[in-house]
Structure formats: C-alpha cells, structure tokens
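Each remark here refers to the structure printed beneath this line.
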Amino acid sequence: MGPRGTGGWAGRAGAPAPGRTCLLPLLLCAALRSLRASPGSEVNLLDSRTVMGDLGWIAYPKNGWEEIGEVDENYAPIHTYQVCKVMEQNQNNWLLTSWISNEGASRIFIELKFTLRDCNSLPGGLGTCKETFNMYYFESDDEDGRNIKENQYIKIDTIAADESFTELDLGDRVMKLNTEVRDVGPLTKKGFYLAFQDVGACIALVSVRVYYKKCPSVIRNLARFPDTITGADSSQLLEVSGVCINHSVTEEAPKMHCSAEGEWLVPIGKCLCKAGYEEKNNTCQAPSPVSTVKKGKITKNSISLSWQEPDRPNGIILEYEIKYFEKDQETSYTIIKSKETTITADGLKPGSAYVFQIRARTAAGYGGFSRRFEFETSPVLAASSDQSQIPIIVVSVTVGVILLAVVIGFLLSGRRCGYSKAKQDPEEEKMHFHNGHIKLPGVRTYVDPHTYEDPNQAVHEFAKEIEASCITIERVIGAGEFGEVCSGRLKLQGKREFPVAIKTLKVGYTEKQRRDFLGEASIMGQFDHPNIIHLEGVVTKSKPVMIVTEYMENGSLDTFLKKNDGQFTVIQLVGMLRGIASGMKYLSDMGYVHRDLAARNILINSNLVCKVSDFGLSRVLEDDPEAAYTTRGGKIPIRWTAPEAIAFRKFTSASDVWSYGIVMWEVMSYGERPYWEMTNQDVIKAVEEGYRLPSPMDCPAALYQLMLDCWQKDRNSRPKFDEIVSMLDKLIRNPSSLKTLVNASSRVSNLLVEHSPVGSGAYRSVGEWLEAIKMGRYTEIFMENGYSSMDAVAQVTLEDLRRLGVTLVGHQKKIMNSLQEMKVQLVNGMVPL
C-alpha cells in the first residue's frame, strides 16, 4: 500500500533483518503443537499452520511486517509474522493474505493466535506504542483484486490482547498466546482477502485460521440429511429436507434445521421401514437370526450341518455366513459362505470340539449371528488286527479303479489352454481369520518355499501350471541369470490374448539351478497386489521351463528414469514413490523382507505404475554387479543396505525402509548412482560415521526429510511403510507442500577432490573438466566470470549456474552432479544427520 489511503499493494513479507529481535522464540513451538484441532462441523478455508510452501502474503512497507521462519516437530514450516516499530512515529504497516475462496459459504470465521508486548514494559513507556491492531477484508470474485487502495477494505474489528508479555516473560521463556475469533457475513462473492494493519504495536501473528461452519451429513429417523453450510445470519435456522434410506418410506419428507453453529435442530417427521424389514441401529436391517441347526455326518476330520431359514427373513436370503472355530480358540476362526442351508466343514482335528454360528444375508445386509452350537469330531480309533489284514486283491482293485478314473478324467478334459490348478466349489467361499486378521488366498502370511523338501511341491502350491502351447514367444528383451528374458503373448481359454514377460531356464541346467529358478515363482505366486509384479504361471511339464509374468512396457525404473531425465513433474515422481511404498507395505504386512529393494528391481508400465519385482536375493546377488562380499560372508548390495544388515545380516522390514529411502533418492535424481563412484568400503565407513546422501537437485524438502527419516541409524526410529504411504498421500493431496525445495547451499560442498572420479583421470583445467562432461560450450562463460580454476568452480551453486546463463535443466543437473562426484574423500559432500 502506498502513502496512507492512496497507493497500491507492493512487496512481499520477507525474512527478519539481521539484528532484529524475533518475538517468536523456539519455545513457542510447544504451544503451537498443542493448538486444538478443528471440530468436525468446521471446514478450514485457510490454516497458516498447515501450509508447507509460500503463503504468498505481501507486506507494505517492506520493512514493516516480517515473516519469521520456524518448523514444527515434523520439520514442516510454521508461518508467523511480526512487527515491532514502536520507536518510530506514525506507523501504518499492512499485511495482506492471498485470495481465499469461500467455497459457497456466506458467513466465515477468522481465528487469530498472537502475542503482544505490554507497552508499559518498554523503555521509557513510549507514548506512541499501541496494544491493538486492526483486521480488514475485501470481497473479490478472482485472484486479481488485491492491488487496490486501503480505503476500499472493510474493517472487521480492532483486535486487542487479553494478555500481553513483558521483558520478564521473555527472560523466563514464557509466552502468552492470545486467541481471538471474529466472523464476517453475509458474503456475496466467490472469495475475499484479509488484511492486518499495525499502527504502532509490538506484535507477533502466530497463526491465522479461516473457516466456515456446516451441519455434517447425518442419518436421523431413517432419513439422510446432507452436509449443509450454515446461513449468513448468526440466528438463522436453515430448513433441510431428508431422504429416506434403504427400504424405508414416508408420506411426508422428514425435515431438520441447521443452526448457525453447525448443529441439527428441530426434527420434523420420520421414515418407516417397508413391510418385511425391521428397524435396527437407525437402519432397516435385515433377517432375524438362524434359530435351529442340526448336525449331519460327522467324521474324524469333518462336520456336516443343516439349518432352517430364519423365522423372519425380511426379504430374499442371498447367502449364509457360517463362522466356526475350535473350542477355546475363538481368535482363530474360519468363515464359509454358502447359498444352501447345508455345509460341510472339513480339515478339522480328530476328537476336538468346534463351535458354529450362522447368519443370513438379504439385500438389506446381514442379520445377527445365531447362538453358539457345539459339535465334536470323531476320535481316531486304533485299527483291529482283522482290519489290518485286508486282502491284497481288494487293495489292488481299489488302486486300479482310481487309476482308471484318473486316466478317463484326463482324456475327457483334453489339453486345453488354461491353468491346471483345482477350483473351489462355486457355491462356497472359505475365509480364515487369526487374531482378527483375515487370511485369504493371496492375502496370507508369507511361506518360505525353501522350507519344502520338494521344490515342485512349493511351486505347484503357489503357482499355476500353464500349457506351453498357450505361450507365443516374440523376441528376446534381456538375459537373466539362468537364461533369456523374452516378451510374448499368452492366450488362455475364455480370455483375450495379452502380453507377458517370459523367463526361460537355459538348456543344461543343474537341479539346484532349476530349484532356485522356480523358487522365485514360488515366492511371487503368493503375492496379489497392484504394485507387486504379477505371476501368470509357470511351465514345468515341458522344456524350456518358464516363468510367465505380466509385461511391463517401460522396463526397470532406473533405466527408464535415465532415459527420461527431467521429463516428469514432482507429483508424477511422488506417484511412482507412492506405488512402490504401497507394494512394500503389502509385503511387510505379509511378513516378507525383500532385502534387495533398488530402482533396478522396480518395473514400470506404460501408465507409470511402479511394481516391486525380483524376489530371489539369495541367488540373484551371486552375479549382481552391485553386490559385494562383506566381512561376515555373503553378498549384499552395499549402497542400498541398512548398516545393521551389513554388519550383522539383520534383515527386517526396517532395513527395507532404509533401502526405500535410497530408491527415493534414485527417483528424485533420475537414476543417479547412489554415492557415485565411492567404493563400497568408503560407503560403509561414511554411513557408519553418520553421513547421508545429499538432497537431489530440485528435491522438495518434505521428500528429502522423509529420506533422512528412512536413513535413521536406529532401525526402530525409521517410519513404517504404512506411515510412508500415508505421508506421501498427504503430499499428493496438498501439492503446494512440494514447492519448498532443499536449500542449494546445503547440497553442494565447497571442496573438491584433487582428482576426478575413479578411472576418468585428473582434470588439469576447468575447460578440460567441462569437455569431459560434454559441457565445453560453457568454458568461455565460466572463464569470463572468474571461474578459471577448479578451486573456484568448487564454489558454484545452482543459482550461480542460472546467473551464468546455464538455463537448460539437463545441463544444470549434469554440471552439479559432476561437482558432487568430486567431493573431498567423497564424504564431505554428504549431509550429516
């Protein structure tokens, strides 16, 4: 704002000038963390505490309101503003917010939290000192309306402090935080600006929260009432009509009234359940419980049951759910779903008591479970001497009949393309639960296939057998440890042909190689998740032996990123990282530890969906160039592996989290090699001493902080994969939080190695260095601007490159990455925790 009442807005709130006194000491962060959360009926339009990036507020004059940077316990920035020009006359300092959409609300609330200095505590009791400040607003339909004159703003109120602080409070490190709430309405445009005017106070504005109130969606009297924004008048009641919920009707629509405080008041009318339905828990439910259950055939391993339809089905019974468990083992139970009124529970223990409960489901949902019915399996009886002397001819006939049935079944089935795995009875669906966790096929605890004596048993338990005639191999796309990797197509009966990747086992393999080759399929076949590579099946009954998986068009993530350097938005990169984290959460939940998580082992398809792959660490690392022998024996991918896994071979989900942090670094640096050309021993030593990889160029601060969290030395301090997924989801939902980048000065060391990376020879001049990285075009520019020696080049920052005219992002990355590769001892360039 120019001279009082005449000018326009200009300038932006900046950092405090050197030597100025900050009114918001670090101790205030504790108070900030304890600020109450918004109640459910309040919807935030702005909360300065939660904005990660720049608020975009401006101040006039520039030396008036100042932004003070603090961070909370999660290293998120806290935006606070202060002004304290009590020693000067005629103060008129303005702070203006960015445009705030009112989201259709006609009445909004502003909550201010601030501290204010007691004027009497100032030296000499300055007569010009004030203990109040003013708040204004201006309505606008777009974001181009804030460069207007002061007299066009409407005053909301003069804000005074209930409690002010003194010099003594500062000495005792006690800060008195004031909270004031004001409301504005009726609003008639799409949005508005707020402005804060200081006329001579010593004040720190800690937080600004702008919100409106609503009556939240609710079901009352069998009617659903929608989210309703409160009215513009503080005493206004809005009449809202409800809609009858499932299977309920009314002659007159039920109504309620939404108060200005966001509360539902004065209900009128109600809905009633249709004939055949009962009201329960504010909904029309469902069938009554099954009352009669009878036992049928009982063997040592099975119990057959039958029952009658509920007395009051309240609709057509769609299916029954049968829950059973061994007596006194209620936390581990099984559920069978059946459309019939009979079932057989098999796989039971001989001579054991089992408890059964049954409930029915209609279109309205499930009814309640029946009472408990207890039945016992038959005990195991010792065979008599007569029974043990069964005539051999009877055994022979029985075996012959069985063999004949198998042969006839095989001939009748034909050799059609498809899976040879047995199918479940379509009328029954079985689910197992243990300690509250559902255990379904594909969603169960991981089983190590190496515990099987016969590898064929493991692979056929977890993987589906495919007829070789269903597979068409088109071309070779790579070489695996045991043979070629090809692309091709798979055609199964009743399905369209679709692309697949095919790993083949080379001719002349040993039995151990076959076992190891199929071991990966036995692992992969246990997983079913959109971010885990999907196993289609295996070919083991003919040669070559094959593993068939879904086809990922873009190949390995590290190669893909290198080919597309700088081509993706930050949100796209975070989306890739979110997919990888989601896949790893699934593996962690199953109890599987990957041990070799790296960008080279992530595959990416044409939709940029990333999937975790390569599930054979024990064999893969034998020929992996990234693996190295440790002092304790065995090969480990040092650059991706947590310190405790290197030192003590302690592999856990927490060590996978460490590896995930390295993958994050790979993704944000577009496939750079972690720790560049450092030797494995240098990496081990550096990490052990507390050094960590520096932030990649243009990396959001929130992502780099997450990397550092993953690299905590104490594995118990690292985040879990579910927490990582949650954090990335929050960043994706709030893209502005990704705008704050890591400070360039913290990324690049000002010291260089006396020689270039291993094998490239020493650089005798700046020109030779630039030519070596194919950036020779900039030699003259570097020389003209005083960068004539490698010592001088060591001081170059990203901002310097832009000033020199190096504007292409790819060229900036190449130069900065080259500098990073030449650190003193290749350690000093890393950021300590």
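Residues -37 to -1, 1 to 796, numbered by mature numbering (1 follows the signal peptide of the UniProt record, and there is no 0), are exactly what the sequence shown covers, in order. Note that beta-carbon positions come from the ideal geometry of N, C-alpha and C, so glycine has one too.
In angstroms, rounded to a whole number, what distance separates the CA positions of Cys449 and Arg438?
As a first step, residue 449 must be located in the sequence shown, where it is residue number 486. As a first step, residue 438 must be located in the sequence shown, where it is residue number 475. Going by C-alpha positions, Cys449 is about 6 Å away from Arg438.
Return helix, strand or coil for residue 874, following the three-state DSSP convention.
Outside the displayed span of the chain (-37 to 796) sits residue 874, for which this structure offers no information.
For Ile321 and Lys598, what's the separation of their Cα atoms in angstroms?
As a first step, residue 321 must be located in the sequence shown, where it is residue number 358. As a first step, residue 598 must be located in the sequence shown, where it is residue number 635. Cα to Cα, the separation comes out at about 54 Å.
Contact under 9 Å by Cβ, Met487 with Phe578
Numbered from 1 along the sequence shown, position 524 holds the residue referred to as residue 487. Numbered from 1 along the sequence shown, position 615 holds the residue referred to as residue 578. Met487 is a Cβ neighbour of Phe578, given a cutoff of 9 Å.
So the candidates are Glu640, Gly768 and Leu59; which of them puts its Cα closest to the Cα of Thr742?
The residue you call residue 742 lines up with position 779 of the sequence shown. Answer by Cα proximity: Gly768.
Contacting residues, own chain, Cβ-Cβ under 7 Å from Ala421 (five flanking each side not counted):
Sequence index remark: in the sequence shown, residue 421 carries index 458 (1-based). By the criterion of a C-beta distance shorter than 7 Å, Ala421 is surrounded in its chain by Pro412, Tyr415 and Ser485, once the five residues flanking it on both sides are discounted.
Suppose you measure from the CA of Val206 to the CA of Asp190; what does that come to, to the nearest Å?
Counting from 1 along the sequence shown, the entry for residue 206 is found at position 243. Counting from 1 along the sequence shown, the entry for residue 190 is found at position 227. Rounded to the nearest angstrom, the two C-alpha atoms are 13 Å apart.
Residues bridged to Met219 [DSSP beta-bridge criterion]:
Here residue 219 refers to the residue found at position 256 when the sequence shown is read from its first residue. Partner(s): Val203.
Give the straight-line distance between the Cα atoms of Val253 and Asp274, rounded to the nearest whole angstrom.
Along the sequence shown, one-based indexing puts residue 253 at 290. Along the sequence shown, one-based indexing puts residue 274 at 311. Computed Cα separation, rounded: 8 Å.
Give the single residue among Ser432, Asn83 and Cys221 whose Cα lies nearest to the Cα of Thr503.
Counting from one through the sequence shown, the residue named residue 503 turns up at place 540. Of the candidates Ser432, Asn83 and Cys221, the one whose C-alpha sits nearest the C-alpha of Thr503 is Ser432.
State buried or exposed for Lys776, treating a residue as buried only when at least 16 other CB atoms are found within 10 Å of its CB.
Along the sequence shown, one-based indexing puts residue 776 at 813. The residue is buried, with at least 16 neighbouring Cβ atoms inside 10 Å.
In or out: Val705 buried (at least 16 other Cβ within 10 Å) or exposed?
By 1-based counting over the sequence shown, the position of residue 705 is 742. Answer is buried; the Cβ neighbour count reaches 16.
In three-state terms, what does DSSP make of Asn643?
Position 680 of the sequence shown, counted from the start, is the residue given in the question as residue 643. It is helical.
Smallest Cα separation from residue 798: which of Ile73, Lys260 and His557?
With the chain represented from -37 up to 796, any question about residue 798 goes unanswered, as that position is not in the structure.
In three-state terms, what does DSSP make of Gly154?
Reading the sequence shown from its first residue, position 191 is the one you call residue 154. Strand.
Using the three-state DSSP reduction, which class does His42 fall into: helix, strand or coil?
For the purposes of this step, residue 42 is identified with residue 79 of the sequence shown, where counting begins at 1. Note: His42 maps to strand in three-state DSSP.
Which residue's Cα is closest to the Cα of Arg70: Ala195, Glu214, Gly542 and Ser127?
As a first step, residue 70 must be located in the sequence shown, where it is residue number 107. Measuring from the Cα of Arg70, the nearest candidate turns out to be Ala195.
Who are the near neighbours of Ser61 in its chain, counting only those whose CB is closer than 7 Å to its CB and skipping five residues on each side?
Translated into positions along the sequence shown, residue 61 becomes position 98. Cβ-Cβ distances below 7 Å link Ser61 to Leu18, Gly19 and Trp20 in the same chain, with the five nearest sequence neighbours on each side left out; the list follows chain order.
With DSSP as the reference, label Arg378 as helix, strand or coil.
The residue labelled residue 378 in the question sits at position 415 within the sequence shown. Interpretation of Arg378 is limited by its pLDDT of 42, a score under 50 that renders its predicted location unreliable; the figure taken from the coordinates is listed afterwards. DSSP, reduced to helix, strand and coil, places Arg378 outside both helices and strands of the structure shown, so it counts as coil.
On the three-state DSSP scale, how would you describe Asn7?
If you number the sequence shown from 1, residue 7 lands on position 44. Three-state DSSP puts Asn7 in a strand.
Count the other CB atoms within 10 Å of the CB of Glu474; is the residue buried (16 or more) or exposed (fewer)?
Numbered from 1 along the sequence shown, position 511 holds the residue referred to as residue 474. Exposed, since its Cβ has fewer than 16 Cβ neighbours within 10 Å.
What would DSSP say about Ala561, mapped onto helix, strand or coil?
Against the sequence shown, residue 561 aligns to sequence position 598. Residue state, collapsed to three classes: coil.
State the Cα-Cα distance for the pair Lys419 and Glu428, rounded to the nearest angstrom.
On the sequence shown, position 456 is the one that residue 419 refers to. On the sequence shown, position 465 is the one that residue 428 refers to. Contrary to the premise, residue 419 reads as Asn rather than Lys in this sequence. Inter-residue distance for Asn419 and Glu428 is about 11 Å (C-alpha atoms, whole angstroms).
So is Ser781 buried or exposed if we call it buried at 16+ other beta carbons inside 10 Å?
If you number the sequence shown from 1, residue 781 lands on position 818. With 16 or more neighbouring CB atoms inside 10 Å of its own CB, Ser781 falls in the buried class.
Length-filtered (4 minimum) alpha helix (DSSP H) runs lying within the stretch 670 to 707
Secondary structure within the stretch 670 to 707: the alpha helix (DSSP H) runs of 4 or more consecutive residues, fully enclosed, are 684 to 696 (chain order).
Could you tell me the alpha carbon to alpha carbon distance between Leu79 and Tyr174, rounded to whole angstroms?
Walking along the sequence shown from the start, residue 79 turns up at place 116. Walking along the sequence shown from the start, residue 174 turns up at place 211. If you take the alpha carbons of Leu79 and Tyr174, they lie about 24 Å apart.
Would you tell me roughly how many angstroms separate the C-alpha atoms of Met98 and Ile117, rounded to the nearest one?
By one-based count along the sequence shown, residue 98 stands at place 135. By one-based count along the sequence shown, residue 117 stands at place 154. One C-alpha to the other measures close to 9 Å.
Any non-hydrogen atom of the ligand NAP closer than 8 Å to Phe319 Cβ
Ligands are entirely absent from the displayed structure, and the ligand NAP is therefore not among its contents.
Thinking C-beta only, is Ala426 closer than 9 Å to Gly500?
The sequence position of residue 500 within the sequence shown is 537, counting from 1. The sequence position of residue 426 within the sequence shown is 463, counting from 1. Contact flag set, yes.
Tell me the rounded alpha-carbon separation between Leu228 and Cys221.
In the sequence shown, the residue the question calls residue 228 occupies position 265. In the sequence shown, the residue the question calls residue 221 occupies position 258. If I take the Cα positions, the gap works out to 6 Å.
For Asp120, which beta-bridge partners are listed by DSSP?
Within the sequence shown, residue 120 is the residue found at index 157, counting from 1. Beta-bridge pairing links Asp120 to Met98.
Exposed or buried, Leu771, counting other C-beta atoms within 10 Å across all chains shown (16 or more means buried)?
On the sequence shown, position 808 is the one that residue 771 refers to. Leu771 should be labelled exposed.
Where DSSP assigns a beta bridge to Pro462, which residues make up the other side?
Indexing the sequence shown from 1 puts residue 462 at position 499. In the DSSP assignment, Pro462 is bridged to Arg452.
Excluding the five sequence neighbours on either side, which residues of its own chain have a C-beta within less than 7 Å of the C-beta of Tyr472, listed in chain order?
The count along the sequence shown starts at 1 and reaches residue 472 at position 509. Counting only Cβ-Cβ distances below 7 Å, and skipping sequence neighbours, we find Phe445.
Out of curiosity, what's the CA-to-CA distance linking Leu691 and Tyr549?
For the purposes of this step, residue 691 is taken as the residue at position 728 of the sequence shown. For the purposes of this step, residue 549 is taken as the residue at position 586 of the sequence shown. The alpha-carbon separation between Leu691 and Tyr549 amounts to approximately 16 Å.
Measuring straight from C-alpha to C-alpha, what distance separates Ala757 and Met660?
As a working mapping, residue 757 is identified with position 794 in the sequence shown. As a working mapping, residue 660 is identified with position 697 in the sequence shown. Rounded to whole angstroms, Ala757 to Met660 spans 16 Å at the Cα level.
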